[in-house]
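Chemist: In the working numbering, the protein residues as written are 63 to 425. Every residue gets a Cβ at the ideal spot worked out from N, C-alpha and C, and that includes glycine. A quick note: this is a predicted structure, and the numbers were derived from the prediction, not measured.
(1) Leaving out the 5 sequence neighbours to the left and right, which residues in its chain are closer than 7 angstroms to residue 287 when beta-carbon positions are compared?
(2) Look up residue 158 in the DSSP assignment and say whether it is helix, strand or coil.
(3) Looking at the unbroken alpha helix (DSSP H) that takes in residue 108, where does it start and where does it end?
(4) Please classify residue 423 as buried or exposed, where buried requires at least 16 neighbouring CB atoms within 10 angstroms.
(5) When DSSP labels each residue in this structure, what does residue 282 get in the three-state scheme?
(6) Starting from residue 338, trace the alpha helix (DSSP H) in both directions and tell me its first and last residue.
(7) Would you identify the three-state DSSP class for residue 138, choosing helix, strand or coil?
(8) If we count Cβ pairs, one from each stretch, closer than 8 angstroms, do we get three or more for the segment 309-324 versus the segment 276-293?
(9) Output needed for residue 159: all residues of its chain with C-beta closer than 6 angstroms, excluding positions within five of it in sequence on either side, in chain order.
(10) If you draw a straight line from the alpha carbon of residue 68 to that of residue 167, how long is it in whole angstroms?
(11) By how many angstroms is the C-alpha of residue 258 removed from the C-alpha of residue 146?
(12) How big is the Cα-Cα spacing for residue 124 and residue 64?
(13) Given this structure, state the Cα-to-Cα distance separating residue 213 from residue 202, to the nearest angstrom.
(14) My output table needs one value for residue 127: the three-state DSSP class, helix, strand or coil.
(15) Which term fits residue 386, buried or exposed, when burial requires 16 or more other beta carbons within 10 angstroms of its beta carbon?
(16) Pop quiz: residue 325 and residue 390 are said to be a contact at Cβ under 8 angstroms. What is the actual Cβ separation, rounded to whole angstroms?
(17) Among all the DSSP beta bridges, which residues are the ones paired with residue 11?
(18) Starting from the C-beta of residue 377, find all residues in its chain whose C-beta is less than 7 angstroms away, skip the five residues before and the five after it, and write them out in chain order.
(19) Under the DSSP definition of a beta bridge, which residues are partnered with residue 307?
(20) Which value, in whole angstroms, describes the spacing of the CA atoms of residue 296 and residue 270?
(21) Between residue 372 and residue 363, what straight-line distance do the alpha-carbon atoms span, to the nearest angstrom?
(22) Any contact of the segment 186-193 with the segment 241-249, i.e. 3+ C-beta pairs under 8 angstroms?
(23) So, at 8 angstroms on beta carbons, what are the nonlocal neighbours of residue 369 in its own chain, with the 5 sequence-adjacent residues on each side left out?
(24) Throw me the rounded Cβ distance for the residue 80 and residue 126 pair, which I believe falls under 8 angstroms.
(25) In three-state terms, what does DSSP make of residue 312?
(26) For residue 120, collect the residues of the same chain with a Cβ closer than 8 angstroms to its Cβ; drop the 5 residues on either side in sequence, then sort them by chain order.
(27) Measure from the alpha carbon of residue 397 to the alpha carbon of each residue in 353, 379, 381, then state which is nearest.
(28) Could you work out which residue in 93, 133, 380, 306 is closest to residue 327 when comparing CA atoms only?
(29) Let's see if you can read the secondary structure: which residues bound the alpha helix (DSSP H) around residue 326?
(30) Compute the distance between the beta-carbons of residue 161 and residue 111, then report whether it is under 7 angstroms.
(31) What is the DSSP secondary structure of residue 388, counted as helix, strand or coil?
(32) Hey, would you say residue 255 sits closer than 7 angstroms to residue 289, going by beta carbons?
(33) Expressed to the nearest angstrom, what Euclidean distance is found between the alpha-carbon atoms of residue 316 and residue 346?
(34) First and last residue of the alpha helix (DSSP H) that includes residue 74?
(35) Have a look at residue 99 and residue 170 and give me their C-alpha separation to the nearest angstrom.
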């Protein structure tokens, strides 16, 4: 070669010195930004700190070798290899910076909001960050291939037919992927919601790219594909502002009319005594098979099912006490047998049996 031992020594020393300089510069800049960030409320310095922290040693090594190579006389082909190595390292580093910047921006964006939106923000953050990383690294891959001298346009065109075949083979996976994106954007439910679909019910624990995981009331985990999930009728109880409750009670048929008239008022008082309930109506609805039936509608002001059951229990206990005080009896299935006596039949039964003897007429 045309390079002396001294040239190689200069090249290595220059590369080592430049690498140390880059690492020291990175450390000093980050230290300065962290000190400034403590005294400011803006997120710009935090963004710069997060992005610069993603700087890989690979870039420093590639840049140092690239600069050190300028102290040497290299063949044209080898010089192109060095250039491509440096540009490839730079493209990869841009990918790392872009990924870190995207995640920082998404986290900052989705951190705005109340605790009630935490499930929706967590789900959207995970899905959008994944899709963003996919886009970034696809672009990095294409740029790297182009830098290595591969005709990307021809490659993409040649993959067209193969891509169609792959898409047909992966249509279920792609369907679930787009369904997860639809869930993230439309938000029919979020993590923490209690949903019912068909015979399945439970609390949403995780929404992934292909499946959604639900924790059932029995404790087991139910895993459903996102595509099947969106094709079902979903009942979301977490978003219920208030719960409509209906219950019926029956009293005995021998209850006097004036006491029947007082029953709706007693029910209203029992409901109004509950802090988490709002009375709607109570009516003497119908004549049942064994009871006089009253129907009551009220609203529980919270969506929690346990709160609803506590309110219903308190109302029931209050009605038991109120009815006992007013001498009103709850009805329950009974049967009354009425025996009718037939005087004629009784008389016939009590008559003694008469014997009729045959008579023979004389001829």
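Modeler: Put simply:
(1) 238, 272, 273
(2) DSSP places residue 158 in helix when its eight states are reduced to three.
(3) 106-114
(4) Note on residue 423: pLDDT 43, under 50, position unreliable in the model; the coordinate value appears next. By the neighbour-count rule (16 or more Cβ atoms within 10 Å), residue 423 is not buried but exposed.
(5) Residue state, collapsed to three classes: coil.
(6) Per DSSP, residue 338 belongs to no alpha helix (DSSP H) and is neither H nor E.
(7) Reduced to three states, the DSSP call for residue 138 is helix.
(8) no
(9) The answer, listed in chain order, is 113, 116.
(10) 49 angstroms
(11) 56 angstroms
(12) 23 angstroms
(13) Taking the straight line joining both Cα atoms gives about 15 angstroms.
(14) helix
(15) exposed
(16) 7 angstroms
(17) A query on residue 11 cannot be resolved here, the shown segment of the chain reaching from 63 to 425 and no further.
(18) 332, 333, 336
(19) 360
(20) 18 angstroms
(21) 12 angstroms
(22) yes
(23) 338, 362
(24) With a Cβ gap of about 5 angstroms, residue 80 and residue 126 count as contacting.
(25) strand
(26) If the five residues before and after residue 120 are omitted, its C-beta is found closer than 8 angstroms to the C-beta atoms of 151, 154, 155, all from its own chain and listed in chain order.
(27) Per the C-alpha coordinates, the member of 353, 379, 381 positioned closest to residue 397 is 353.
(28) Just measuring C-alpha positions, the residue of 93, 133, 380, 306 sitting nearest residue 327 is 380.
(29) 319-334
(30) no
(31) coil
(32) no
(33) Between the C-alpha atoms of residue 316 and residue 346 there is a straight-line separation of about 15 angstroms.
(34) 67-99
(35) 16 angstroms
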